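Novice: Quick one: this structure, given as structure tokens, is what I'll be asking you about.
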Amino acid sequence: MTEAATGLSAETLALLVAATLNAGTVVGLAALGLLINERSGVLNLGAEGMMLVAAIAGFATGVHTGSDWAGFAAGAGAGAGMALLFGLLVIFLNTNQYATGLALSLFGTGLSAFAGISYTQQRLPERPHFDIPVLADLPFVGPALFKHHPLVYITIALALGLTWFLMKSRAGLVLRAVGESPESAHALGYRVRLIRLGAVMAGGALCGLAGAYISLVYTPLWVEGMVAGKGWIALALTTFATWRPARVLLGAYLFGGVTMLQFQLQGQGVQIPSQWLTMLPYLATIVVLVLISRNPTWIRINMPASLGKPFHPGS
Amino acid sequence: MFKLEPRAAPSKVLTLASPLIALLVTVVVGVALFVALGKDPVAGLRMFFVEPLKSGYALSELSIKAVPLVLIGLGLAVCYRANIWNIGAEGQFVMGAVFAGGVAMQATPQSSPLILVAVLGAGMLGGMLWAAIVAVLRDRANASEILVSLMLVYVAEMVLSYLVYGPWKDPAGYNFPQTITFLEATRLPKLIPGFRLNIGVAVALVAVVGFAIFLFRTFAGFQLQVGGLAPAAARYAGFSSRRALWTALLLSGGMAGLAGAMDVAGPQGQLTPYVPVGYGFAAIIVAFVGRLNPIGIVFSAVLMSMFFIGGELAQSRLGLPKALTGVFQGLLLFALLACDTFIHQRLRWVSTP
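Listed in order, the protein sequences are those of chains A and B. For what it's worth, the working numbering labels the leading residue of the first sequence as 4, then goes sequentially. For what it's worth, the working numbering labels the leading residue of the second sequence as 2, then goes sequentially.
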């Protein structure tokens, strides 16, 4: 087929693949973090807030230090700090997980807007390029797969590592036990609440990395509310993936593809108002959620049994 | 070490005192924040707690923001009492505004004043439709109402944006993304000349009474709350959980839609992309701080609109970012949730064994 017939050259396709991986990394990283949370039995609806605070923390650090890595560290730290606040309330004071997570999202939205007010016009130093030697020069696959930010590859490694951790390692088994039956884990002598706090903070740190990735790599800018629902989409992803890391990643790239499709269609001059295209990722999330939730047994079998329920150690 | 242990009965004192303690905590953090930013904390607090109440004009402005918060908060209180987590009231508010705007644009100078009823009715319908999507997907496909309702907020904002940038754009509006200004017949009557205060206040007060009766004096309201507190008991008693789901979502969607309609038929007077200002999200806090109680919601809505106005004043007079409002609102909810812990539990010192 000629280029005119398909309307899509090899170069555009390569860029589309690259953009898909890029967009998928944002929600993928966050969803992997939330998966760790949820496997321990804690549902954190505050992902959006954590990501926003991390995005501004990462961006501000990047602007002041000139170092992206310091920015990522700040983002992860901010995410973990927000998660700590949430964890202390939910795990030690037994507050309602839904309401507290919601509070975290609302607070994070306000705090990030407040802290970011003087950064809206700021610019980061020149964005670095990460080309993998030799591989990046290959035709098609080079620009598609081998010119990404290291975090793109780290996210893939993380998903695989997390699969191993949850299914093959003893610590992973303990984490799952805490999520499935905190009473049993407690009876065996595990510190259920500390393990949950650890899982919540690890999840917050990963959401933080995802937030920093948005403001340092994906967009690279600070705009109020720039996470634009990706935290909520990441929450939907964990259900979609039935709490399995590899499927989370798959779902994330699927989402990335839908997000990028809209830009591609706009670029191709398709006559659809941009608003309908911007809706696509949100509508896709709803559709996917509906498809996966239609079978309640399937969800019940896979969902960590104590998800969302508080645990009071032996009283 | 300290240990939390359940109380024999929930503390009545703390149930009422908890929001006040939470407010106190928020104020203390606020003072610290003002000091950290190098602003006079007394001046800062004045913007939030004195200026919004100072004059008749200020009170009228307060009502403009408190009315939508009361209306949305009432609906959400029903939802949360039924343990249905509708967090997308912002989207239902926007759809209410869109539907109401659609009707208001049809008005001609000959239209009877009754068209206002149609405008408000359309707004309610819009909000209900948007919430019905959530209900149907939860009912038929078991999809999480939390995520679906939230996703629909973004979709609603895009629908509004499409309309005001596209087919509904005012041809004489110098290409600004806005509809025509609605005719006087479709606008909410103002109560006092020179003030923006309108009949919305009366509507909100009627709604408060209506919701109080529904929740505490009707069998349907009782069934709904049993379903939220003890689903097993509700099932055993034969109360339909599906009916509770639909009732709660349609009620809250309708109220949010009505609030949206009253906002465009009242202070706004036209549709712009700036219709959503966060009332739908702030109303979640209003509902909780008001103890999910209609009377409590009136007080918390007034407080929350003081936060809104305080933020605006802090920006114009003290040069602080308006986003302070969001920080304080979030803090208040956090502090409230932490305080609420002690309604059902108490802290006791136990010597380590």
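A virtual CB, placed ideally from N, CA and C, is assigned to each residue, including glycine. None of these values were measured; they are calculated from a predicted model.
Answer with buried or exposed for I275 (chain A), where buried requires no fewer than 16 other C-beta atoms within 10 angstroms of its C-beta.
Specialist: Indexing the first sequence from 1 puts residue 275 (chain A) at position 272. The residue in question, I275 (chain A), is exposed, as its Cβ has fewer than 16 Cβ neighbours within 10 Å.
Novice: Looking at V99 (chain B) and L259 (chain B), is the spacing between their C-beta atoms short of 8 Å?
Specialist: By one-based count along the second sequence, residue 259 (chain B) stands at place 258. By one-based count along the second sequence, residue 99 (chain B) stands at place 98. No, the pair does not count as a contact, with Cβ atoms beyond the cut-off.
Novice: Does L96 (chain A) have its Cβ less than 8 Å from a Cβ in chain B?
Specialist: Counted from its first residue, the first sequence places residue 96 (chain A) at position 93. With 8 Å as the cut-off, L96 (chain A) counts as an interface residue toward chain B.
Novice: Can you have a look at Q124 (chain A) and say buried or exposed, based on whether 16 or more other CB atoms are within 10 angstroms of its CB?
Specialist: Translated into positions along the first sequence, residue 124 (chain A) becomes position 121. Exposed, by the Cβ-count rule.
Novice: Is it buried or exposed for A10 (chain B), if we count other Cβ within 10 angstroms and need 16 for buried?
Specialist: Against the second sequence, residue 10 (chain B) aligns to sequence position 9. A10 (chain B) should be labelled exposed.
Novice: G53 (chain A): which of A:W301, A:L268 and A:V230 sits nearest, CA to CA?
Specialist: Reading the first sequence from its first residue, position 50 is the one you call residue 53 (chain A). In the sequence on display, residue 53 (chain A) carries Met and not Gly. The shortest CA-to-CA distance from M53 (chain A) to any of A:W301, A:L268 and A:V230 is the one to A:V230.
Novice: List the residues of chain A whose Cβ lies closer than 9 Å to the Cβ of P69 (chain B), in chain order.
Specialist: Taking the second sequence and counting its residues from 1, one reaches residue 69 (chain B) at position 68. Result: empty, since nearest Cβ-Cβ is about 17 Å, beyond 9 Å.
Novice: Any idea if N298 (chain A) is buried or exposed, counting beta-carbon neighbours within 10 angstroms, 16 or more meaning buried?
Specialist: As a position in the first sequence, residue 298 (chain A) is number 295, starting the count at 1. Exposed.
Novice: Could you work out which residue in A:G270, A:C210 and A:A60 is closest to L319 (chain A) when comparing CA atoms only?
Specialist: The requested residue 319 (chain A) does not occur in the structure, where chain A is confined to residues 4 to 318.
Novice: Using the Cβ count rule (16 or more neighbours within 10 Å means buried), how would you classify Q111 (chain B)?
Specialist: Taking the first residue of the second sequence as 1, we reach residue 111 (chain B) at position 110. Answer is exposed; the Cβ neighbour count stays below 16.
Novice: Please list the partners that L332 (chain B) has in chain A, where partner means a Cβ-to-Cβ separation under 7 Å.
Specialist: The sequence position of residue 332 (chain B) within the second sequence is 331, counting from 1. The answer, in chain order, is F110.
Novice: According to the neighbour-count rule (16 or more other Cβ atoms, all chains shown, within 10 Å of its Cβ), is D264 (chain B) buried or exposed?
Specialist: To locate residue 264 (chain B), count along the second sequence from 1; it is residue 263. Label assigned to D264 (chain B): buried.
Novice: Which residues of the region 227-252 of chain A have a Cβ closer than 9 Å to any Cβ of chain B? Give them in chain order.
Specialist: E227, A231, G232, W235, I236, L238, A239 and T242
Novice: Report the residue from A:V29, A:V20, A:L16 and A:A22 whose alpha carbon sits nearest the alpha carbon of K233 (chain A).
Specialist: For this step, residue 233 (chain A) is matched to residue 230 along the first sequence. Checked all of A:V29, A:V20, A:L16 and A:A22; the closest Cα to K233 (chain A) is A:V29.
Novice: Please check if any C-beta of chain B sits within less than 8 Å of the C-beta of V293 (chain A).
Specialist: In the first sequence, residue 293 (chain A) corresponds to position 290, counting from 1. Yes, contact with chain B.
Novice: Could you tell me whether the region 83-98 of chain A touches the region 65-73 of chain A, where touching means 3 or more Cβ pairs closer than 8 Å?
Specialist: no
Novice: Any idea which residues DSSP pairs Q346 (chain B) with across the strands?
Specialist: For this step, residue 346 (chain B) is matched to residue 345 along the second sequence. Answer by DSSP bridge pairing, in chain order: B:P7.
Novice: Alpha helix (DSSP H) containing V36 (chain B): first to last residue?
Specialist: What you label residue 36 (chain B) is simply residue 35 of the second sequence in a count that begins at 1. Per DSSP, V36 (chain B) belongs to the alpha helix (DSSP H) from K13 to A37.
Novice: With a 10 Å radius around its C-beta and 16 neighbouring C-beta atoms as the bar for buried, classify M170 (chain A) as buried or exposed.
Specialist: Along the first sequence, one-based indexing puts residue 170 (chain A) at 167. Exposed is the call here.
Novice: Starting from N25 (chain A), follow its DSSP beta bridges and name the residues at the other end.
Specialist: Along the first sequence, one-based indexing puts residue 25 (chain A) at 22. None, per the DSSP bridge assignment.
Novice: Against R297 (chain A), what residues of chain E qualify as contacts under a CB-to-CB distance less than 9 Å, listed in chain order?
Specialist: No chain E appears in the structure shown, which is made up of the protein chains A and B.
Novice: Starting from A106 (chain A), find everything on chain B with Cβ-Cβ shorter than 7 Å and list it in chain order.
Specialist: Reading the first sequence from its first residue, position 103 is the one you call residue 106 (chain A). Ordered by position in chain B, the residues that pass the 7 Å Cβ test against A106 (chain A) are G331, L334, F335 and L338.
Novice: My parser needs the alpha helix (DSSP H) runs of 4 or more residues fully inside the region 262-296 of chain A; what are they?
Specialist: DSSP runs (the alpha helix (DSSP H)) wholly in the region 262-296 of chain A: 277-296.
Novice: Does the Cβ of I193 (chain B) have 16 or more other Cβ atoms within 10 Å, making it buried, or fewer, making it exposed?
Specialist: Counting from 1 along the second sequence, the entry for residue 193 (chain B) is found at position 192. Burial call: exposed.
Novice: Pop quiz: A118 (chain A) and G327 (chain B) are said to be a contact at Cβ under 8 Å. What is the actual Cβ separation, rounded to whole angstroms?
Specialist: Counting from one through the first sequence, the residue named residue 118 (chain A) turns up at place 115. Counting from one through the second sequence, the residue named residue 327 (chain B) turns up at place 326. A118 (chain A) to G327 (chain B), Cβ: 11 Å. No contact.
Novice: Based on the DSSP output, what are the partners of N84 (chain B) in its beta bridges?
Specialist: Within the second sequence, the letter at position 83 stands for residue 84 (chain B). N84 (chain B) is not bridged to any residue.
Novice: Return yes when the Cβ of L337 (chain B) is within less than 8 Å of the Cβ of S19 (chain B), no when it is not.
Specialist: Here residue 19 (chain B) refers to the residue found at position 18 when the second sequence is read from its first residue. Here residue 337 (chain B) refers to the residue found at position 336 when the second sequence is read from its first residue. Contact: yes.
Novice: Closer than 7 Å, Cβ to any Cβ of chain A: which residues of the region 151-167 of chain B, in chain order?
Specialist: L151, M152, Y155, V156, M159, S162, Y163 and G167
Novice: When you compare only the Cα positions, how much space is there between T242 (chain A) and W301 (chain A)?
Specialist: Residue numbering aside, residue 242 (chain A) sits at position 239 when the first sequence is read from its first letter. Residue numbering aside, residue 301 (chain A) sits at position 298 when the first sequence is read from its first letter. Rounded to whole angstroms, T242 (chain A) and W301 (chain A) show a C-alpha spacing of 11 Å.
Novice: Are the CB atoms of V160 (chain B) and E146 (chain B) nearer to each other than 8 Å?
Specialist: Looking up residue 160 (chain B) in the second sequence gives position 159. Looking up residue 146 (chain B) in the second sequence gives position 145. Not a contact, by the Cβ cut-off of 8 Å.
Novice: Taking Cβ-Cβ distances shorter than 7 Å, what residues in chain B pair up with P276 (chain A)?
Specialist: Within the first sequence, numbered from 1, the residue matching residue 276 (chain A) stands at position 273. Near P276 (chain A) (Cβ distances below 7 Å), the residues of chain B are Y163 and G167.
Novice: If you measure beta-carbon to beta-carbon, which residues of the region 264-288 of chain A are closer than 8 Å to chain B?
Specialist: Within the region 264-288 of chain A, the residues whose Cβ lies closer than 8 Å to some Cβ of chain B are P276, Q278, W279, T281, M282, Y285, L286 and T288, listed in chain order.
Novice: Can you check whether the CB of R130 (chain A) is closer than 8 Å to the CB of P223 (chain A)?
Specialist: On the first sequence, residue 223 (chain A) is found 220 positions in, with the first residue counted as 1. On the first sequence, residue 130 (chain A) is found 127 positions in, with the first residue counted as 1. The Cβ atoms of P223 (chain A) and R130 (chain A) lie closer than 8 Å to each other.
Novice: So, T262 (chain A) versus A26 (chain A), is the Cβ gap smaller than 8 Å?
Specialist: For the purposes of this step, residue 262 (chain A) is taken as residue 259 along the first sequence, with counting starting at 1. For the purposes of this step, residue 26 (chain A) is taken as residue 23 along the first sequence, with counting starting at 1. Yes, the Cβ-Cβ distance between T262 (chain A) and A26 (chain A) is below 8 Å.
Novice: Looking at V220 (chain A) and I198 (chain A), is the spacing between their C-beta atoms short of 8 Å?
Specialist: The count along the first sequence starts at 1 and reaches residue 198 (chain A) at position 195. The count along the first sequence starts at 1 and reaches residue 220 (chain A) at position 217. Not a contact, by the Cβ cut-off of 8 Å.
Novice: For the region 276-300 of chain B, list the alpha helix (DSSP H) runs that are entirely contained and at least 4 residues long, ordered along the chain.
Specialist: 280-290
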